[in-house]
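Undergrad:
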């Protein structure tokens, strides 16, 4: 019963297309996060949320939007995908008290 | 701003070797420090954390000691196993005007040969 799930797990998109990555958590955590993982850069924060209806910019938000329609769901949206957005994307949830975060299994996105 | 530096991008060892992965941080005060481990095909998971100077965190035979003087939190294990092959991330909890967040190092890929 994985607590943080992501869909799709793999995605191939075309340049200029719209991509939506979805994340669902059953931890009942207020905070949720989107990261991308690239060799030589580690994990970098794109957007995060403190609760339903809120989204905040992380360290590399350009080219990405986020949506938090409910406590459980947090989406990352690429309106106009570019090859530079080819990466592995991780969603995480956390309480914020100790900042420990619980990660999903990741989505591998390839933009051709 | 706050930052984490991991100097080893890759480490290759044989089983029963001693492991050290270096982590240094830059931040004011006493940030909480973390080690996360990521096994192939999975997301990162918390290995352990430490919040005070000289506090030792440990789990699964891995350990690290919070050293405020040298701003370090080096990961060590006395005898690695093939099953320890993974990516290891050092991270700190950053307190900023935009809220609390984790800042990760670049990660260290550990490969252990049987």
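Protein chains in written order, with the numbering used here: chain A, 13 to 124; chain B, 6 to 119.
Cβ coordinates follow ideal geometry from the N, Cα and C atoms, glycine included.
1) Taking Cβ-Cβ distances shorter than 9 Å, what residues in chain A pair up with residue 50(B)?
2) Beta-carbon of residue 65(A) versus every beta-carbon of chain B: anything under 8 Å?
3) Listed from N- to C-terminal order along the chain, which residues in the region 46-76 of chain B have their beta-carbon within a distance smaller than 9 Å of any beta-carbon of chain A?
4) Can you tell me whether residue 45(B) is buried or exposed, with buried defined as 16 or more other CB within 10 angstroms of its CB?
5) Quick one: residues in its chain with C-beta nearer than 8 Å to the C-beta of residue 21(A), no 5 flanking neighbours on either side, listed in chain order?
6) Tell me, please, whether the CB atom of residue 76(A) is closer than 8 Å to any CB atom in chain B?
7) Going along the chain, which unbroken runs of the beta strand (DSSP E) with 3 or more residues stay wholly within the region 71-121 of chain A?
8) Measure the alpha-carbon distance for residue 109(B) versus residue 48(B) and round it to whole angstroms.
9) May I ask which residues mark the beginning and end of the beta strand (DSSP E) holding residue 64(B)?
10) For my contact list, residue 85(B) and residue 42(B) are in at a C-beta cut-off of 8 Å; report their separation, rounded to the angstrom.
11) Tell me, please, whether the region 71-78 of chain B touches the region 80-97 of chain A by the rule of three or more beta-carbon pairs shorter than 8 Å.
12) Quickly, what does DSSP pair residue 52(B) with across the bridge? List them, please.
TA: To lay it out plainly:
1) 114 and 115
2) no
3) 46, 47, 48, 49, 50, 51, 54 and 56
4) exposed
5) 117, 118, 119 and 120
6) no
7) 77-79, 85-90, 99-106 and 113-115
8) 14 Å
9) 61-64
10) Their Cβ separation, rounded to whole angstroms, is 12 Å, which puts residue 85(B) and residue 42(B) out of contact at 8 Å.
11) no
12) Partner(s): none; residue 52(B) has no beta bridge.
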